[in-house]
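The structure under discussion appears below in the form of structure tokens.
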Amino acid sequence: MAVLNVNIDHVATIRQARRTDEPDPVWAAVQCELAGANGITVHLRQDRRHISDRDVEVLKQTVASKFNLEMGLAEPIVRIAERIVPDQVTLVPERRQELTTEGGLDCVKHKQRLAQVVKRMHKKGILVSTFITPDTEQILASAETGCDAVELHTGAYANAKKDTVMEQCLNALADARDTGISAGLIVHAGHGLTYRNIAPVASIEGLCEFNIGHSIVSRAVLVGMRRATEEMIRLIEQFSKKGV
Ligand code: PXP
Numbered sequence: 035m036a037v038l039n040v041n042i043d044h045v046a047t048i049r050q051a052r053r054t055d056e057p058d059p060v061w062a063a064v065q066c067e068l069a070g071a072n073g074i075t076v077h078l079r080q081d082r083r084h085i086s087d088r089d090v091e092v093l094k095q096t097v098a099s100k101f102n103l104e105m106g107l108a109e110p111i112v113r114i115a116e117r118i119v120p121d122q123v124t125l126v127p128e129r130r131q132e133l134t135t136e137g138g139l140d141c142v143k144h145k146q147r148l149a150q151v152v153k154r155m156h157k158k159g160i161l162v163s164t165f166i167t168p169d170t171e172q173i174l175a176s177a178e179t180g181c182d183a184v185e186l187h188t189g190a191y192a193n194a195k196k197d198t199v200m201e202q203c204l205n206a207l208a209d210a211r212d213t214g215i216s217a218g219l220i221v222h223a224g225h226g227l228t229y230r231n232i233a234p235v236a237s238i239e240g241l242c243e244f245n246i247g248h249s250i251v252s253r254a255v256l257v258g259m260r261r262a263t264e265e266m267i268r269l270i271e272q273f274s275k276k277g278v
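For the sequence shown, counting from 1, position 138 maps to 172 in the working numbering; every step adds exactly one.
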């Protein structure tokens with residue numbers, strides 16, 4: 035059965051709109067956990083546009099479920115991960131100009147750096163996942179560098195307007211799932227997933243963890259974090275089958 039990690043970055047985005055102290059992502063994390071979330075995900079970006087160093091430190095102490103830290107490969111951030119020791123890191127590409135993470139990490143191009151970071155994370159007992167497009171070469175590069183998991187980028191699926199394109203994207207995700215599992219990797223998925231488009235992705239057997247942020251936080255503004263999280267968990271459970 036697939037599980038949900040709630041990405042709470044955009045709770046911090048609302049706080050940063052006024053550079054104040056509310057809403058506190060730490061409080062949001064508690065609500066997600068009370069709703070039954072498998073984990074809490076935050077992205078500590080180099081520009082600190084939403085999540086701050088303080089958030090990561092307090093969340094490390096307070097998250098009782100899985101604490102998944104999204105991060106780029108930049109040395110200062112890698113050092114923070116070594117100090118904080120989250121349960122898992124998800125390695126992502128990071129460009130300062132982007133609104134959100136665009137594209138996957140190029141694990142082929144950055145293979146050497148990736149292998150170093152994986153080794154350092156493993157030394158601390160941290161699970162390592164890479165956020166990648168559902169391509170064979172990216173999956174194999176992740177496996178070769180010693181990663182434990184890959185998170186398949188579902189953005190192309192989420193942005194697809196035509197049914198035929200959506201179908202192609204779903205097939206690509208299922209193929210990537212097969213390649214990942216054959217390479218010994220745990221397979222996660224995320225980006226752009228919403229209450230409306232989650233069903234076909236949750237139905238892909240063997241995808242075990244979803245990272246969902248914007249859609250849940252958006253709904254939470256209207257119905258509360260706990261209910262928004264519960265509603266997404268219900269959908270994932272309804273459509274996901276037992277993992278392969
Ligand atoms: N997974 C990764 C690796 C991401 O970078 C993001 C966005 O921060 C998400 C999942 C969540 O995407 P969304 O906010 O579109 O649900």
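No residue lacks a Cβ here, since even glycine has one placed at the ideal position from N, Cα and C.
Applying a distance threshold of 6 angstroms between residue Cβ atoms and the heavy atoms of the ligand PXP selects Asn41, Asp43, His77, Glu104, Thr124, Val126, Thr134, Thr135, Phe165, Glu185, Gly224, His225, Gly226, Leu227, Asn245, Ile246, Gly247, His248, Ser249, given in chain order. Residue environment analysis places Asn205 among the exposed positions, since fewer than 16 neighbouring C-beta atoms fall within 10 angstroms of its C-beta. Close CB contacts of Leu93 within its chain, under the 8 angstroms cut and outside five residues either way in sequence, are with Pro59, Val60, Ala63, Ile74, Val76, Phe101 (chain order). Separation of the CB atoms of Leu107 and Leu148 is rounded to 7 angstroms, and the pair is thereby assigned contact status at 8 angstroms. By the Cβ neighbour-count rule, Asp169 is buried, with 16 or more other Cβ atoms within 10 Å of its own. A Cβ-Cβ contact shorter than 8 angstroms links Ile270 with Leu38. Looking from the CA of Ala36, the closest CA among Gln50, Cys242, Arg253 belongs to Cys242. By the neighbour-count criterion, in which a residue is buried when 16 or more other Cβ atoms sit within 10 angstroms of its Cβ, Pro120 is buried. Excluding its 5 nearest sequence neighbours in each direction, Ala190 has C-beta neighbours in its own chain below 6 angstroms: Cys203, listed in chain order. When DSSP states are grouped into helix, strand and coil, Val90 belongs to the helix group. For the pair Cys181 and Gly218, the Cα-to-Cα distance works out to about 9 angstroms. The beta carbons of Leu139 and Thr164 sit about 5 angstroms from each other, so the pair counts as a contact at 8 angstroms. Taken atom to atom, the span from the alpha-carbon of Val162 to that of Asp55 is near 31 angstroms. The continuous alpha helix (DSSP H) containing Lys157 extends over residues 145-157. Per DSSP, reduced to three states, the secondary structure at Thr134 is coil, with no helix or strand assignment.
Ranked by Cα distance from Arg49, the options Glu178, Cys66, Arg88, His84 are led by His84.
Non-local beta-carbon contacts of Ser249 in its own chain, meaning distances under 7 angstroms to residues more than five positions away in sequence, involve Leu227, Thr228, Tyr229 in chain order. Taken atom to atom, the span from the alpha-carbon of Thr198 to that of Ser252 is near 28 angstroms.
Annotated as proximal: His225 and Ala192, with beta-carbon spacing under 8 angstroms.
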